[in-house]
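Reading through the structure tokens given below for one structure.
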Amino acid sequence: MADLSSTDHRPADLPPIADEPAAQPVHSSEQVYEGRVWDLRRDVVELGDGTIVREYVDHPGAVAVLALDDDDRVFLICQYRHPIRARDWEIPAGLLDVPGEDPLAAAKRELAEEGDLAASDWAVLTDFFTSPGGSDEAIRIYLARGLAPTHEPFAREEEEAHMETRWLDLDACVDAVLERRVQNPSLVIGVLAAQASRARGWAGLAPADAAWPGRSTPREEPAPR
6 MADLSSTDHR PADLPPIADE PAAQPVHSSE QVYEGRVWDL RRDVVELGDG
56 TIVREYVDHP GAVAVLALDD DDRVFLICQY RHPIRARDWE IPAGLLDVPG
106 EDPLAAAKRE LAEEGDLAAS DWAVLTDFFT SPGGSDEAIR IYLARGLAPT
156 HEPFAREEEE AHMETRWLDL DACVDAVLER RVQNPSLVIG VLAAQASRAR
206 GWAGLAPADA AWPGRSTPRE EPAPR
């Protein structure tokens with residue numbers, strides 16, 4: 006059986022895998038549709054001996070929070086998501102749609118707004134792209150510990166007004182993922198990353214202010230071309 010306490014499982018003669026920045030020349034870029042939160046963009050991109058046309062969701066990005074209490078329970082919310090016609094289980098999350106807002110500050114705000122919780126210990130759990138073939142949305146998941154209730158409950162509206170909340174053991178969350186009972190990507194990725202990180206004594210967690218090279222371009226800023 007593999008030793009999960011080790012943090013290096015690659016063959017000795019190969020470097021670790023890592024995504025490589027590779028911005029291809031963009032011949033033209035146009036906004037096809039301007040939405041309330043995100044837009045649709047069409048780029049003509051140089052690739053090889055020719056060009057390709059790609060349309061994608063131009064997204065401001067988001068943060069999510071896996072809040073873990075002293076008993077290794079995860080704070081979960083359940084709310085209606087219209088595109089999938091379901092009430093899905095999630096971890097607190099929100100868009101990076103406030104101009105100039107730091108991602109960590111946004112994560113703290115979301116935890117307070119959706120969970121009436123504050124945390125004294127923050128770290129980066131993982132970063133991911135939600136759908137790199139069709140969207141530039143990047144999400145950073147923070148691990149929040151040292152939890153305490155906020156002083157005043159937050160007044161929730163729209164989908165959040167009907168949220169269900171629950172504390173669930175991390176291992177039970179992993180079971181729900183592996184049995185395909187939950188499918189929200191931030192929840193799935195967050196609980197599996199937390200389980201793996203816990204097995205390694207939380208080694209490898211990045212500081213809460215770690216650089217985020219893959220972050221989506223904020224909506225008010227021009228994307229690099």
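So for the sequence shown, the working numbering puts the first residue at 6; every next one is plus one. Each residue gets a CB set at the ideal place from its N, CA and C atoms; glycine is no exception.
Which of helix, strand or coil DSSP assigns to residue i
i    : result
M6   : With a pLDDT of 49 at M6, under the threshold of 50, the modelled position of this residue cannot be trusted; read the value that follows with caution. In this structure, M6 counts as coil in the three-state DSSP scheme.
H167 : helix
W217 : coil
H2   : Outside the displayed range of the chain (6 to 230) lies residue 2, so it cannot be described from this structure.
I146 : strand
I22  : coil
Q29  : coil
L130 : strand
A208 : coil
R59  : strand
V37  : strand
N-terminal and C-terminal residue of the alpha helix (DSSP H) that residue i is part of
i    : result
G195 : 190 to 204
L183 : 175 to 183
G99  : Unbroken run through G99 is the beta strand (DSSP E), 98 to 100; no alpha helix (DSSP H).
G120 : 108 to 120
Residue i versus the options, residue with shortest Cα-Cα distance
i    : options              : result
E169 : P30, E25, L175, G120 : G120
A95  : E106, L109, C178     : The displayed chain sequence assigns Glu, not Ala, to residue 95. Among E106, L109, C178, the Cα nearest to that of E95 belongs to C178.
V37  : A204, R59, I82       : R59
Cβ-based burial, residue i [other Cβ within 10 Å; buried from 16]
i    : result
T155 : exposed
A213 : buried
S221 : buried
L183 : exposed
G195 : buried
W43  : buried
L19  : exposed
A27  : exposed
A17  : exposed
D141 : buried
A233 : The chain is shown only over 6 to 230; residue 233 falls outside these bounds and no answer can be derived.
Q84  : buried
V103 : exposed
D76  : exposed
F63  : According to the sequence provided, residue 63 is Asp. The question's Phe does not apply to it. Classification of D63: buried, given that the 10 Å Cβ count is 16 or more.
I82  : buried
P3   : Residue numbering for the chain in the displayed model covers 6 to 230; residue 3 lies beyond these limits and cannot be assessed.
P137 : exposed
Beta strand (DSSP E) segment containing residue i, residue limits
i    : result
L266 : This structure does not reach residue 266, given that the chain is present from 6 up to 230, and the question cannot be answered.
W94  : 91 to 95
L71  : 67 to 72
H64  : Per DSSP, H64 belongs to no beta strand (DSSP E) and is neither H nor E.
D141 : Run containing D141: none; DSSP gives neither H nor E here.
A47  : According to the sequence as given, residue 47 is Arg; it is not Ala. First-last of the beta strand (DSSP E) with R47: 44 to 52.
Any 3 or more C-beta pairs closer than 8 Å across the segment 117 to 131 and the segment 33 to 53: no
- Query: Does the segment 103 to 113 come close enough to the segment 177 to 191 to have 3 or more Cβ pairs within less than 8 Å?
  - Reply: no
Decide if the segment 135 to 151 is in contact with the segment 61 to 74; the criterion is three or more beta carbon pairs, one per stretch, under 8 Å apart.
yes
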